[in-house]
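Sequential numbering of the sequence shown, starting at 4, is according to the numbering used here. Think of the CB as a built atom: it goes at the ideal place given N, C-alpha and C, for glycine as much as any other residue. Inspection log for the structure reproduced underneath, given as structure tokens.
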Amino acid sequence: MKTLILGGARSGKSALAEKIALEQGVGVTYIATATPGDAEMQLRIQQHRARRPPHWQVVEEPIALATVLQNQDTSHRVLLVDCITLWLTNLLLHPDPERFALERRALLDTLPRLRATLLLVSNETGQGIVPVGALNRRFVDEAGWLNQALARACEQVYLTVAGLPLVIKGDTAP
């Protein structure tokens, strides 16, 4: 089962993914895409670490997400990726401008072959005004297109609002 969990900042999307992962009753590999930069991001990472059960395996990978998914893939396991939009940011800021297209294609090609239960956490960024600046507009566009492609590849899609999951695709509520 592949599930995409969308939502805005502090909407409860990560907590929902963690709850679903725990309920599976199998091993969990938490794939963190954030890179600790400033103090605020370091605090966010610490908060996520504090919430996770200590027995979960953690892989920190800001770029080569498809490779990590392939390496960690096994049936009877949950792969939880948090988060797709941080991964996208890392790629858009990567010094090699071709890396984004390569990694995006690798991710989308990998998804259908995965045997593990997959939980993808991503921000819904397209519900506001059009941002100022070319990089900001590209981020919103690329995030929207990537979320659409991921939603097509997933059996379940949730939108979280105020900590409440709304079923967008699929027929089961968490």
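- Distance check between L167 and each of A18, T6, G147, L7 places A18 closest, using alpha-carbon atoms only.
- For the set D174, I48, V31, I171, the Cα lying nearest the Cα of T38 is the one of I48.
- Going by C-alpha positions, Y33 is about 34 Å away from V135.
- Between L121 and E106, the C-beta spacing is not below 8 Å.
- With a cut-off of 8 Å on Cβ pairs, the segment 18-30 is not in contact with the segment 139-156, counting fewer than three such pairs.
- Contact check between the segment 107-116 and the segment 148-158: three or more CB pairs, one atom from each, fall below 8 Å, which counts as touching.
- In this model, D41 and Q50 are separated by some 15 Å (Cα to Cα).
- The DSSP assignment places complete alpha helix (DSSP H) segments of no fewer than 4 residues inside the segment 28-84 at 42-54, 68-75, in order along the chain.
- Taking each of A35, T128, W90, R80 in turn and checking the Cα distance to S14, the smallest one comes out for T128.
- Apart from the 5 residues on each side of it in sequence, V71 sits with its Cβ closer than 7 Å to the Cβ of I34, V62, E64 in its chain, given in chain order.
- In the structure shown, T163 falls within a strand segment according to DSSP collapsed to helix, strand and coil.
- Taking 8 Å as the cut-off, the Cβ atoms of C157 and S125 do not count as close.
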